[in-house]
Structures are given as structure tokens and as C-alpha cells.
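Data block below; observations after.
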Amino acid sequence: MLKTFKTLIAVAVLSVTVSANVQAATITVKQDNTRWDQYNQTLENIQKDADMLETDIPVNPAAPAVTEPFPVSAKPVIAHAKKKSTPVIKVTSSKSKSKSAKEITVKATAYTASCEGCSGITKTGINIKDNPDEKVIAVDPSVIPLGSKVYVEGFGEAIAADTGSAIKGNRIDVFIPSEQDAIDFGVKKLKVTILN
Numbered sequence: 099m100l101k102t103f104k105t106l107i108a109v110a111v112l113s114v115t116v117s118a119n120v121q122a123a124t125i126t127v128k129q130d131n132t133r134w135d136q137y138n139q140t141l142e143n144i145q146k147d148a149d150m151l152e153t154d155i156p157v158n159p160a161a162p163a164v165t166e167p168f169p170v171s172a173k174p175v176i177a178h179a180k181k182k183s184t185p186v187i188k189v190t191s192s193k194s195k196s197k198s199a200k201e202i203t204v205k206a207t208a209y210t211a212s213c214e215g216c217s218g219i220t221k222t223g224i225n226i227k228d229n230p231d232e233k234v235i236a237v238d239p240s241v242i243p244l245g246s247k248v249y250v251e252g253f254g255e256a257i258a259a260d261t262g263s264a265i266k267g268n269r270i271d272v273f274i275p276s277e278q279d280a281i282d283f284g285v286k287k288l289k290v291t292i293l294n
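Position in the sequence shown (from 1) plus 98 gives the number in my numbering.
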């Protein structure tokens, strides 16, 4: 009964406020009305405010816009940087390699080596701190053998080079160097093709 009473009062109050007429103040502009009368602003102050909105870049509106066509024969310039690398130990599975690729669906998360206490050395010995561009995933070795080459949907080819305490069954952890990018990766359902 009390709940019903409170509900009825709330509905009545809302009805009154919603149905109230909304009226705006009407201002009639007359000759000799100035910003000074209302806001104590001079024309110079208004002009200074307007000048701040303009750009410092000089523009000649009378000058024609000139465009030059991009040469079709131009080739892109590719800079090659020397990559610092450490020896990578690749472990191959003792099981016989399958001739056909096997595709599985996994729950994927991401991890990084930039966290406090992280060594940056994978289970197979890859130093992912020194090789941040290395495509590595952590796996359950009973599902994807360590050392296997895999193709991860949306990530590309990688090597199953690490394990993790939470990586059990059809679950993988994708190595992403940036901690924020690893967090942004979230949890995804992806297809993984075991290539060897």
C-alpha cells in the first residue's frame, strides 16, 4: 500500500512538472542597446576576443590554389634499420608432424613482458624483451605443442613458445609488447591453425 502511494505521488509530481509551460525571456532590441549596458564590455574587448579566434598563418585569398599531380612512377622509400637480436632457441615437438594443418577455436587474451617481475624469457628461451617484434603465443602444450608454428586469426604467423598458469585447454595468450595494447586486446574468440 505504501509503495503504491509513493508511486502515485511520484507520477503526480512528474505530470505537473512535465506539463508546466516553459517560457523563455523575450528581449526586444532597441536602438542604442549596447553590450556595455548588459555585460560591461567595450568594442575593443569584443574585437580582442574575436582576434584570438584567427590563425597566425598568413593567407592570401586572391592567390589561386596550386596542386601538383603525384608522379605515377615514384617508388616508396623504405628505411632499413638494423635489428638487435639475441639467439633464438626453437624447440620442435617430439610428436610426428602432421601433413595437414589443424584448425582449432580458442579463447585468446594478451600478455606483455613489460610488467614488474616479468623476465621476458619464454619457456623455449626466446627473449621477448630484446625481440619485441617476435610473434609469440603462450599455449597449453597438450593442445598446441611448444615450438609449433601457428597462424592466429587477426595476428598472423607466430610460434608457440611460452606457457602460462592460466593457459589450459583451448586457450592462448598472444604476446603484445605494449602493456596498454595488451590490456586493450581484451578477450577474443579466434581461430588458430597449427601449421606444423
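We put the beta carbon where it would ideally sit given N, CA and C, even for glycine.
- Residues Val204, Ala206, Ile235, Val237 of the same chain have their beta carbon placed closer than 6 angstroms to that of isoleucine 270, with the five preceding and five following residues left out of the count.
- Residue range 269-273 is occupied by the beta strand (DSSP E) that includes phenylalanine 273.
- As DSSP reads the structure, asparagine 225 sits in a beta bridge with Ile219.
- Looking from the CA of lysine 287, the closest CA among Pro275, Asn294, Asn268 belongs to Asn268.
- Counting along the chain, alanine 256 sits inside the beta strand (DSSP E) bounded by residues 254-260.
- Under the three-state reduction of DSSP, lysine 205 is assigned to strand.
- With contacts defined by Cβ atoms closer than 9 angstroms, glycine 218 and aspartate 228 form a contacting pair.
- Assigned with DSSP and collapsed to three states, isoleucine 107 falls in helix.
- In this structure, the alpha-carbon of threonine 210 lies about 18 angstroms from that of glycine 252.
- Residue nearest to threonine 222 within the set Ala258, Pro275, Lys289 is Ala258 (criterion: CA-CA distance).
- Leaving aside the five residues that flank glutamate 232 on each side, the residues in its chain whose CB is nearer than 7 angstroms to its CB run, in chain order, Ile224, Ile226.
- According to DSSP, leucine 288 shares a beta bridge with Val204.
- Ranked by how close their Cα comes to the Cα of serine 212, the residues Glu277, Phe283, Phe273 have Glu277 in first place.
- In the DSSP assignment, alanine 280 falls within the alpha helix (DSSP H) that extends over 277-283.
- In this structure threonine 291 is in contact with valine 248, their Cβ atoms being roughly 6 angstroms apart against a cut-off of 8 angstroms.
- In chain order, Ile226, Val234, Ala259, Asp260 place their CB closer than 7 angstroms to the CB of threonine 220, counting only its own chain and leaving out the 5 sequence neighbours on each side.
- The C-alpha of leucine 244 lies about 19 angstroms from the C-alpha of isoleucine 274.
- Under the three-state reduction of DSSP, lysine 233 is assigned to coil, being neither helix nor strand.
- Within its own chain, the residues whose Cβ lies closer than 6 angstroms to the Cβ of lysine 266, once the five positions on either side in sequence are excluded, are Asp238, listed in chain order.
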